[in-house]
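So the protein sequences, as listed, match chains A and B. Residue 99 is where the first sequence starts when you use this note's numbering, and the numbers rise one by one after that. Residue 99 is where the second sequence starts when you use this note's numbering, and the numbers rise one by one after that. All C-beta atoms, glycine included, are put in the ideal place defined by N, C-alpha and C. Each remark here refers to the structure printed beneath this line.
2 protein chains.
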Amino acid sequence: MRPEPFECPQEPVVLGLSGGRDSVALLRMLALHGVPMQACHVHHGIRGQEADEDAQFCRELCRQFNVTLAEYRVDVPSKAEQSGESLETTARRERRRILVEHALNEGFRAVALAHHADDQAETVLFNLARGSAGLRGMQPRRREGDITWLRPMLGMRRAAITAWLREIGQDWREDATNADLAASVRNRLRLRVLPALSEAMDRDVVPALLRGARLQGEVCAALEAALQVMPLTDPQGRLYLPFLADKPVELCSAALLHYMRRCGVPNLSEACVSEVYSILSADAAKSCCNLPGGFRARRAHKRLVIEAIGSQM
Amino acid sequence: MRPEPFECPQEPVVLGLSGGRDSVALLRMLALHGVPMQACHVHHGIRGQEADEDAQFCRELCRQFNVTLAEYRVDVPSKAEQSGESLETTARRERRRILVEHALNEGFRAVALAHHADDQAETVLFNLARGSAGLRGMQPRRREGDITWLRPMLGMRRAAITAWLREIGQDWREDATNADLAASVRNRLRLRVLPALSEAMDRDVVPALLRGARLQGEVCAALEAALQVMPLTDPQGRLYLPFLADKPVELCSAALLHYMRRCGVPNLSEACVSEVYSILSADAAKSCCNLPGGFRARRAHKRLVIEAIGSQM
Numbered sequence: 099m100r101p102e103p104f105e106c107p108q109e110p111v112v113l114g115l116s117g118g119r120d121s122v123a124l125l126r127m128l129a130l131h132g133v134p135m136q137a138c139h140v141h142h143g144i145r146g147q148e149a150d151e152d153a154q155f156c157r158e159l160c161r162q163f164n165v166t167l168a169e170y171r172v173d174v175p176s177k178a179e180q181s182g183e184s185l186e187t188t189a190r191r192e193r194r195r196i197l198v199e200h201a202l203n204e205g206f207r208a209v210a211l212a213h214h215a216d217d218q219a220e221t222v223l224f225n226l227a228r229g230s231a232g233l234r235g236m237q238p239r240r241r242e243g244d245i246t247w248l249r250p251m252l253g254m255r256r257a258a259i260t261a262w263l264r265e266i267g268q269d270w271r272e273d274a275t276n277a278d279l280a281a282s283v284r285n286r287l288r289l290r291v292l293p294a295l296s297e298a299m300d301r302d303v304v305p306a307l308l309r310g311a312r313l314q315g316e317v318c319a320a321l322e323a324a325l326q327v328m329p330l331t332d333p334q335g336r337l338y339l340p341f342l343a344d345k346p347v348e349l350c351s352a353a354l355l356h357y358m359r360r361c362g363v364p365n366l367s368e369a370c371v372s373e374v375y376s377i378l379s380a381d382a383a384k385s386c387c388n389l390p391g392g393f394r395a396r397r398a399h400k401r402l403v404i405e406a407i408g409s410q411m
Numbered sequence: 099m100r101p102e103p104f105e106c107p108q109e110p111v112v113l114g115l116s117g118g119r120d121s122v123a124l125l126r127m128l129a130l131h132g133v134p135m136q137a138c139h140v141h142h143g144i145r146g147q148e149a150d151e152d153a154q155f156c157r158e159l160c161r162q163f164n165v166t167l168a169e170y171r172v173d174v175p176s177k178a179e180q181s182g183e184s185l186e187t188t189a190r191r192e193r194r195r196i197l198v199e200h201a202l203n204e205g206f207r208a209v210a211l212a213h214h215a216d217d218q219a220e221t222v223l224f225n226l227a228r229g230s231a232g233l234r235g236m237q238p239r240r241r242e243g244d245i246t247w248l249r250p251m252l253g254m255r256r257a258a259i260t261a262w263l264r265e266i267g268q269d270w271r272e273d274a275t276n277a278d279l280a281a282s283v284r285n286r287l288r289l290r291v292l293p294a295l296s297e298a299m300d301r302d303v304v305p306a307l308l309r310g311a312r313l314q315g316e317v318c319a320a321l322e323a324a325l326q327v328m329p330l331t332d333p334q335g336r337l338y339l340p341f342l343a344d345k346p347v348e349l350c351s352a353a354l355l356h357y358m359r360r361c362g363v364p365n366l367s368e369a370c371v372s373e374v375y376s377i378l379s380a381d382a383a384k385s386c387c388n389l390p391g392g393f394r395a396r397r398a399h400k401r402l403v404i405e406a407i408g409s410q411m
């Protein structure tokens, strides 16, 4: 039985193809739905002959389904040494960079990734355990610059994908996914923590994690929509402070974050929002502060002005 | 060194005292801060002689610090058998019932519980793994009917509490807390899952879990404040539907939930909010639906009316 739900791309895609179960399943589904695609395989320069065999597997699969395959090679170990980051982080960043570059060069606007519901649960737990605000996890469709990242299988369970591939007699490279990163944080979460959590709760916790993430996503979306509706700015588009004067600090902080993001300020941290909050009041000691990305926040005439440093009036 | 932060109660409290580390520490801190209190010990009828020794320990501790001790006995196993719930759930419910009854009988308005930061992290994980929306965890101060539940140690780490008790030479009953419930979900989370998660993440995950919970709490608070500010209702206090007509579904659902709660509708589930959402549009097949607690939602003249069933105009 074909696993559900498949959020079928409505546009041509570049598919990130490792040769592992998930990306092989995604290729088969995209082919089944007649989605125009190219596949892109990145050789990480890590696993020697096995990695060569992964590439060979991808070549045969793509030939069989008449999909153009682009192959790239990147020396992850030496890049990781340069950057001081883990192999996993480096591999992921390089893979994403290559996928975007390839897509843009070939005239595609979308890249499809094979993340599924169990990956999503793992991401939710990972984000929670990092204390990140991004509990809501990965999005099925996310725009980033000129590229849209698509995750058509984000609602599918891993077991359903595996069962389907077996049913249709499609094999995959067992080691191609992540076995080379067996010691990584994500793999420990997948192989040890999620099973322990399910055992402790006496049930499969993946649906619960997804539900929690969805609920939090809905609260964030509702807040975002509410901020859009509220009269936060004056007709010139500057944040109008008297409106915030009698509001709880949580709403003020959310409004500041929303407003500064809209002004294009990047990398806004909690500390940064909190510093801007401290200059809002008319009797605050300071009336301006610096922001990331070369911006500055300045209180003037009951407004908050966000300006590029150097553009002071 | 005394563990921080202690949110000192500003009113007389009844303290739930098991004789375990956490409640013993709370008694010592309340005494140190001169908070007027009575202690209340509940014997669960589970652990035989050990439980008797716990009660004896509480008696001596209270005598030493001149605290009035009330002792109650409840037959948790037979209550659990009647209700079909677990020993843990039953014990917790009975303990809370007894604490509230005792407090009200003795003229107290507040009950202090000894939950700390590690308990909070466990609760956050537990809620997430249940798919509950209540990721934000326990509140340091929560009103429930005539009683306010206080958790003055919610910001303290377990290790700091233990270290302080050792420092001041105060012992406690090692088994009094939860050892009799060693097979429980919560204990499996505490003893297996949280350590596995910390190991996988290569750091102590408790602060991260608390941060995640706090951030989600702030988003919820910001949304609640935004809903208070928005012109959701007409001058008669009925939900004014044209305002919601062009808003995203997440904001509409949040507004419905907020409004129905304000009208006193209890136990609002996601399915229930979603059913009410389906009657909002003028061309919906139905214009009313039943709600929990004997309420009904009815669309009339571009308003949503919440009324007790039987009180139809």
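N- and C-terminal bounds of the alpha helix (DSSP H) containing W247 of chain A: From DSSP, W247 of chain A is part of no alpha helix (DSSP H) but of the beta strand (DSSP E) over I245 to L248.
Top-ranked residue by Cα proximity to T260 of chain B, from B:K400, B:V122 and B:E405: B:V122
From the beta carbon of A294 of chain A, is the nearest beta carbon of chain B less than 8 Å away? yes
Simplified DSSP assignment, three categories, for G143 of chain B: coil
Terminal residues of the beta strand (DSSP E) in which G114 of chain B lies: V111 to G114
Relative to the C-alpha of E186 of chain B, which residue among B:G143, B:A227 and B:W270 is closest? B:G143
Let me confirm a value: H139 of chain B is counted as buried when at least 16 other C-beta atoms fall within 10 Å, else exposed. Which label applies? buried
Proximity to R119 of chain A [Cα-Cα], best of A:E272, A:A323 and A:H131: A:E272
E265 of chain B - containing alpha helix (DSSP H), residue span: R256 to E265
At 4 residues or longer, and completely inside the region 132-201 of chain A: list those alpha helix (DSSP H) runs for me, N to C. 146-162 and 174-181
Beta strand (DSSP E) containing N388 of chain A: first to last residue? C386 to L389
Give the residues from the region 303-316 of chain B that approach chain A closer than 8 Å (Cβ to any Cβ), ordered along the chain. V303, P305, A306, L307, L308, R309, G310, L313, Q314 and E316
Would you check if the region 226-240 of chain A and the region 185-202 of chain A touch, i.e. whether three or more CB-CB distances between them fall below 8 Å? no
Could you name the residues of chain A that E220 of chain B contacts, counting a contact when the two beta carbons are closer than 9 Å? In chain order: nothing, as chain A lies at least about 10 Å away.
Supposed contact pair L349 of chain B and A320 of chain A - C-beta distance, whole angstroms, cut 8 Å: 5 Å
Mind reading off the beta-carbon distance from M135 of chain A to P103 of chain A? Whole number of angstroms is fine, and I expect it under 8 Å. No, M135 of chain A and P103 of chain A are not in contact; Cβ-Cβ is about 20 Å, not under 8 Å.
Would you verify that the beta carbon of S376 of chain A is, or is not, closer than 8 Å to some beta carbon of chain B? no
When the Cα atoms are used, what is the spatial distance from V374 of chain A to S230 of chain A? 21 Å
Kindly indicate which residue of B:D152, B:V172 and B:A201 has the alpha-carbon position closest to the one of R190 of chain B. B:V172
Is it buried or exposed for G310 of chain A, if we count other Cβ within 10 angstroms and need 16 for buried? buried
Quick check on the DSSP output: what are the complete alpha helix (DSSP H) runs of length 4 or more inside the region 335-364 of chain A, in order along the chain? 339-342 and 347-360
From A:V291, A:M299, A:H356 and A:P346, residue whose alpha carbon lies closest to that of C318 of chain A: A:H356
Where do the ends of the alpha helix (DSSP H) carrying V222 of chain A lie? A215 to R228
Under a three-way DSSP split, which group does V122 of chain B fall into? helix
Spatial distance of V112 of chain B from P390 of chain B (CA atoms): 33 Å
How long is the line joining the alpha carbons of Q147 of chain B and V222 of chain A, rounded to whole angstroms? 45 Å
At a CB-CB cut-off below 7 Å, which residues of chain A make contact with M99 of chain B? Those within 7 Å of M99 of chain B in chain A number zero; the least Cβ separation is about 25 Å.
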